[in-house]
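In the numbering used here, the protein residues as written are 767 to 1437.
For each residue, glycine too, the CB sits at the ideal point set by N, CA and C.
Keep in mind the model is a prediction, meaning the values are calculated, not measured.
Written below as structure tokens is the structure these notes are about.
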Amino acid sequence: MKSIETVGVVGAGTMGSAIAQHFIMKGLPVILVDQKQEFLERGVGYIRESLGEALQRGLIDQQAFDQILGRLHCTTEQSELIEADLVVEAIFENLEVKKGLFAELEKVVSAECILASNTSSFLISEIAADLQTPERVVGVHYFYHAAKNKLVELIPGEKSAPEIVSALENFYTYYDKTPILVKDAPGFAVNRFFVPWLNEAARLYEEGFGSIAFIDKLACEVFGVGMGPFALMNATGVPIAMHAADGLASELHKFYAPAKVLCQQVKAKQDWNVEDTQHLNNGFDQAEVVTRRLVGASLGVAAQMVSEGVINATSTDLGARAGLRWPMGPFELLEKMGVAKVKEMVESVFSVWALPLPACLADPAKTQSLSLNWVTTEVVGECGFIVFDLPDRLNPLGEQVMKQLDRSVDELNARPDISKIFIHGKGKAFVAGADIKFFLDALDADDLPRIQTFTEFGQQVLNKISTSDKATYAYLDGLALGGGLELSLACDYRIGTRKSVLAFPETGIGIYPGLGGTQRASRLIGIARAKQLIASGQFINAKKAYGFGLVDAVIEPVFDWRELADFSLDKAQAGRIEETAEEQEFAEFDGDFSHPLLAREGFEKMAKGITRKAPIAMKKAMSLIDQGFAMDLQDGMQLELDGLKSIFATQDARTGLASILSGQKPTYIGK
């Protein structure tokens, strides 16, 4: 199948221009088409304004600004789309007009060109119904602001070719979007549960169960979001919420119909007053009712979608996090609140509208479909893949993820038909370390044994990888930090790309590597380099890691990670170079900030960085490397575990871990 090298976008409005902006920012030439030159000029203005903000913030310089815009070609002639490999339609929502446009596009684009619609209102199968080649038509539903928002709903129509859908999924992933696969159904996925959340808030206000200010505040608390439903409607446009609800009601059920007060607000052409504490219908604030109905409406619809096969639970949550910026999706919230409690809430809302309880809530045998699968497996030929699927969170190692990793390793280790295993992380990270919030939650609960148990289990899982009879590979196409780098060290081989970033940041956040980092690193690259990396927390690229012997090969990022099934290595550390005299001096560093090494001429920059780190963690990490190197590997690993509770009990550990979430620089006191 032909690669996508040039993109066409039809429609230079707010959405179309933002779609075009994303592609030109990623280095792809774009042909932007609209009916009139003035529409194109307005669209380019939107792009210039957005890029101008990036320029002012120092995210790009003037040269990059000019280069990005230089990739954009604007025209009123559809015939110029003959050069495009993908054309995305982003015109106004009118089914007949869209169908007519696609009929025209089919005549002017190349035979290999993929045709995509950004519709939010119509089924892809309807748009493609009268075309000669409906198999090349797919839905690609973006979310505002399309140049910045990661989410793209990928919707195959009834006749969409699977290979085209797969190619688009890889294409969007490669160019830093987060695609989720959704069935061709009304509202697709995210809007179908999000719009009822907005609408139910309006109903609650209308019925007197809370003021606008109260409902927004409670919604933020219950769902953990930064903006409540009324504030969000103001941000995205109150009429959009009403029209979306109308569309869902016409296709699905009257439950989705917009609240009267929402329609009145649109008619009045006003935003909501989010500070309004007044009540309609002589009502008063009722937290239980507001919570029950907001949860019941949104999570009920989410469960309904899963029961209908529109989308799976994992992708639903990813859509909520990536597209709506919710900190947790509907099904993670369901896990937190408990299935039984949520079932009652959904039942109380759905029964009013004579809606059946979703099968995955009603039937205990089907509740498994509500499970979140953040680590999955796939087999291609003789190669097994373990894939981390929390791209928006940078694939952190938490309790649930570690359990799923363990299950995945066991599953592939037990298969006699595979000879190698690749571990890969979706998005910008392989694995960007442990779940910091997990550590802080345990510290807040004064539950150090929980951290101990997690780390012990993590070491056991990594040992299963290191002792596997399969050849194990870590594909480091992104961030491999802390626990992620430790995971890769348990593999036989590490494959880097130009996107690789490797580091041990632990001593900078008050702790030390506890999943074997102080032990496997020294055995792989030597004591001196292991100490240098762990003491400095230095971020290194694949080229430097290759010279260290930390990475065994450096390749171009693959378009589809399944291509790695044909990749193999027969030699480790092929690029390792000898340690320099300066590097060798690190072998004597004991973690004390008064050590002569830190006063050496020409070493000022690294010394400055090292002395800003947590002193207790630094000494402990260096000691673990020295002590463990003289022992059997497993005895060295036990040393890490033996010191775990004492390091996490320090004030410095809490300070350092908290700094990750707060974004503030930590100050350590050595306690």
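Can you name, in chain order, every residue of its own chain whose Cβ lies under 6 Å from the Cβ of residue 894, other than the five neighbours on each side? Excluding residues within five positions, the ones whose Cβ falls inside 6 Å are 900, 903 and 923.
Delimiting residues of the alpha helix (DSSP H) encompassing residue 1315: No alpha helix (DSSP H) contains residue 1315, which DSSP labels as neither H nor E.
Counting beta carbon pairs with one atom in the segment 1149 to 1165 and one in the segment 1079 to 1091, are three or more of them shorter than 8 Å? In this structure the segment 1079 to 1091 touches the segment 1149 to 1165; the number of beta carbon pairs closer than 8 Å is three or more.
Going by alpha carbons, who is nearest to residue 1329 out of 793, 1241 and 1134?
The option with the nearest alpha carbon to residue 1329 is 1241.
Is there contact between the segment 842 to 856 and the segment 773 to 788, where contact requires at least three CB pairs shorter than 8 Å? Because the criterion of three Cβ pairs below 8 Å is met, the segment 842 to 856 and the segment 773 to 788 touch.
Note the first and the last residue of the continuous alpha helix (DSSP H) segment covering residue 1181.
No residue range can be given for residue 1181, since it is assigned to no alpha helix (DSSP H) and is classified by DSSP as neither H nor E.
inquiry  = Contact defined as beta carbons within less than 8 Å: I believe residue 1247 pairs with residue 1282. What is the distance between those atoms, to the nearest angstrom?
reply    = About 15 Å separates the CB atoms of residue 1247 and residue 1282; that is not less than 8 Å, and the two are not in contact.
Specify the secondary structure class of residue 1377 as computed by DSSP and reduced to three states.
Coil, per DSSP.
Requested in this report: With DSSP as the reference, label residue 1279 as helix, strand or coil.
Outcome: If DSSP states are grouped into helix, strand and coil, residue 1279 belongs with coil.
Would you call the segment 1222 to 1232 and the segment 1295 to 1313 touching, i.e. three or more CB-CB distances under 8 Å? With a cut-off of 8 Å, the segment 1295 to 1313 and the segment 1222 to 1232 do not count as touching, because too few Cβ pairs lie within range.
Look up residue 839 in the DSSP assignment and give the residues it is bridged to. Residue 839 has 797 as its beta-bridge partners, per DSSP.
- Pull up the distance between the alpha-carbon of residue 1148 and that of residue 1185, whole angstroms please. So the two alpha carbons sit approximately 6 Å from each other.
| Going by the CB atoms, is the gap between residue 884 and residue 931 shorter than 8 Å? | In this structure, the beta-carbon distance from residue 931 to residue 884 does not fall below 8 Å.
Requested in this report: Report yes if the C-beta distance between residue 784 and residue 882 is below 8 Å; otherwise report no.
Outcome: Taking 8 Å as the Cβ cut-off, residue 784 and residue 882 do not qualify as a contacting pair.
Query raised in the report: Where does residue 1189 sit, in a helix, a strand or coil, going by DSSP?
Result: Strand at residue 1189.
Quick check: the Cα distance between residue 795 and residue 1096, rounded to an integer number of angstroms?
When rounded, the distance between both Cα atoms is 37 Å.
- Message: Considering only the alpha carbon of each residue, which of 1089, 918, 1272 and 947 lies closest to residue 1252?
- Response: Nearest C-alpha to residue 1252: 1272.
Measure the alpha-carbon distance for residue 801 versus residue 782 and round it to whole angstroms.
Our two residues, residue 801 and residue 782, have alpha carbons roughly 13 Å apart in a direct line.
- Along the chain, which unbroken stretches of the alpha helix (DSSP H) at least 4 residues long are found entirely within the segment 1178 to 1266? When DSSP assignments are scanned along the segment 1178 to 1266, the uninterrupted stretches of alpha helix (DSSP H) that are 4 or more residues long and fall wholly within it turn out to be 1202 to 1210, 1214 to 1232 and 1249 to 1255.
Margin query: Can you look up residue 1463 in the DSSP assignment and give me helix, strand or coil?
Written below: The shown model of the chain, from 767 to 1437, leaves out residue 1463, and the question about it has no answer.
Q. With contact counted as at least three CB pairs below 8 Å, one residue from each stretch, are the segment 1216 to 1223 and the segment 1403 to 1416 in contact?
A. They touch, by the three-pair rule.
With 16 other Cβ atoms within 10 Å as the buried cut-off, status of residue 872
With 16 or more Cβ atoms within 10 Å of its Cβ, residue 872 is classed as buried.
Three-state secondary structure assigned by DSSP to residue 1344: Coil.
DSSP three-state assignment for residue 782, whether helix, strand or coil:
In this structure, residue 782 counts as helix in the three-state DSSP scheme.
Discussion item. Buried or exposed for residue 1436, going by 16 or more other Cβ atoms inside 10 Å?
Written reply: Label assigned to residue 1436: exposed.
Does the structure place the segment 1384 to 1394 close enough to the segment 1354 to 1363 that three or more beta carbon pairs sit under 8 Å?
The segment 1354 to 1363 and the segment 1384 to 1394 touch, with no fewer than 3 CB-CB distances between them shorter than 8 Å.
message = DSSP three-state label for residue 1390, please.
response = Three-state DSSP puts residue 1390 in a helix.
**Q.** Spatial distance of residue 828 from residue 810 (CA atoms)
**A.** If I take the Cα positions, the gap works out to 17 Å.
| message | Among the candidates 983, 1135, 1153 and 1136, whose CA atom is the shortest distance from the CA of residue 1143? | response | Relative to residue 1143, the option among 983, 1135, 1153 and 1136 whose CA is nearest is 1153.
Relative to the C-alpha of residue 972, which residue among 791, 1056, 867 and 1163 is closest? That would be 1056, whose Cα lies nearest to the Cα of residue 972.
| request: Pick out whichever of 791, 813 and 803 has its Cα sitting closest to the Cα of residue 780. | output: If we check each option's Cα against that of residue 780, 813 comes out closest.
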